[in-house]
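Remarks on the structure that follows.
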Amino acid sequence: MWLYEKRLQYPINIKKPNAKAAAVIIDQLGGPDGELGAALRYLSQRYTMPYPEIQALLTDIGTEELAHVEMISAILYQLTTNLTIDEIKKQGF
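Okay, so the sequence shown: first residue is 19 according to this note's numbering, each after it adds one.
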């Protein structure tokens with residue numbers, strides 16, 4: 019059973035927007051080695067695992083990766099809040 023608490027594991031409190039930092043961090047969210055891809059790999063691999071203990075472990079790891087997705091998304095949101103479209107495009111988004 020999973021219990022979702024509407025709070026991040028670690029508080030994220032970025033005060034100043036920074037499109038350059040966001041452009042660097044965004045790969046950690048959806049890039050080839052990003053957290054979202056890792057979560058999906060773990061969660062999909064559990065269905066082909068013949069051992070129940072390992073299935074459970076893959077589920078635990080996959081959901082932990084989803085928590086990382088949530089934190090990185092919060093970081094990106096805070097880094098891009100109140101930026102103009104031109105400021106964001108200038109950084110290569």
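The beta carbon of each residue, even a glycine, is placed where N, CA and C say it ideally should be. Treat the numbers as computed from the prediction; the structure is a model and nothing was measured.
When you compare only the Cα positions, how much space is there between residue i and residue j?
{"i": "residue 73", "j": "residue 93", "result": "31 angstroms"}
{"i": "residue 35", "j": "residue 25", "result": "21 angstroms"}
{"i": "residue 79", "j": "residue 87", "result": "13 angstroms"}
Select from the options the residue whose C-alpha is nearest the C-alpha of residue i.
{"i": "residue 30", "options": "89, 101, 111", "result": "89"}
{"i": "residue 109", "options": "79, 37, 22, 27", "result": "37"}
{"i": "residue 95", "options": "41, 59, 67", "result": "41"}
Give a yes or no on whether the C-beta atoms belonging to residue i and residue j are separated by under 8 angstroms.
{"i": "residue 15", "j": "residue 64", "result": "What the structure shows of the chain is the stretch from 19 to 111, and residue 15 is not part of that stretch, so it cannot be assessed."}
{"i": "residue 57", "j": "residue 75", "result": "no"}
{"i": "residue 97", "j": "residue 32", "result": "yes"}
{"i": "residue 55", "j": "residue 45", "result": "no"}
{"i": "residue 91", "j": "residue 47", "result": "yes"}
* **Inside the region 19-50 only - beta strand (DSSP E) runs reaching at least 3 residues** => none
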